[in-house]
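Numbering (our numbering), first residue to last: 90 to 205. The beta carbon of each residue, even a glycine, is placed where N, CA and C say it ideally should be. Computed from a prediction, not measured in an experiment: that's the story for all the values here.
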Amino acid sequence: MTNEKFHYEVTTVTKFIQIYCDDKHQDREKNTENISIDYNDTDNVVSVNFHLCKECSDMAKHAYYRLSQCPHIEKPRCHKCPHPCYELAMWKKMAKMMKYSGMKLGLNKIKRLFFG
Ligand SMILES: [Zn+2]
Numbered sequence: 090m091t092n093e094k095f096h097y098e099v100t101t102v103t104k105f106i107q108i109y110c111d112d113k114h115q116d117r118e119k120n121t122e123n124i125s126i127d128y129n130d131t132d133n134v135v136s137v138n139f140h141l142c143k144e145c146s147d148m149a150k151h152a153y154y155r156l157s158q159c160p161h162i163e164k165p166r167c168h169k170c171p172h173p174c175y176e177l178a179m180w181k182k183m184a185k186m187m188k189y190s191g192m193k194l195g196l197n198k199i200k201r202l203f204f205g
């Protein structure tokens, strides 16, 4: 995918996980983190900030890692991808978060991105 697309994917997934964590994990201890992700060892570095619980932080980092390794020039819709990045358990959890936040924001395009 292009650098712009990578940037978009990273910031979108961050926003969605943040919304989910804000709503669902209010009682958990959270940390603010600042992370820089390299895309395919290019000079394209994306920086993100988030304030998440441990579980969601791990989820976000996993998502960044997978996105940075995505072999597709044009990222296909995830559920149609011939090389799914997420292990099934991870994928289900991620799908739940994306769906929740997507509905909350009313952003149908995000749902399309992940669910076709
Ligand atoms: Zn959380």
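{"Item": "With 16 other Cβ atoms within 10 Å as the buried cut-off, status of L177", "Value": "exposed"}
{"Item": "L156: CB within 7 Å of a non-hydrogen atom of ligand 1", "Value": "no"}
{"Item": "Residues near Y225 in its chain [Cβ-Cβ closer than 7 Å; skip 5 each side]", "Value": "The requested residue 225 does not occur in the structure, where the chain is confined to residues 90 to 205."}
{"Item": "Buried versus exposed, by CB contacts within 10 Å (16 or more), E144", "Value": "exposed"}
{"Item": "E98 beta carbon less than 8 Å from that of L141", "Value": "no"}
{"Item": "Assigned exposure category for Q107 - 16 Cβ within 10 Å defines buried", "Value": "buried"}
{"Item": "Check: H140 C-beta below 7 Å from any heavy atom of ligand 1", "Value": "no"}
{"Item": "Per-residue burial, V102 [other beta carbons within 10 Å of its own, 16 or more giving buried]", "Value": "buried"}
{"Item": "Chain B contact for S125 (CB, 8 Å cutoff)", "Value": "This model lacks chain B altogether, as it is built from one protein chain only."}
{"Item": "Closer than 7 Å: C159 CB and nearest ligand 1 heavy atom", "Value": "no"}
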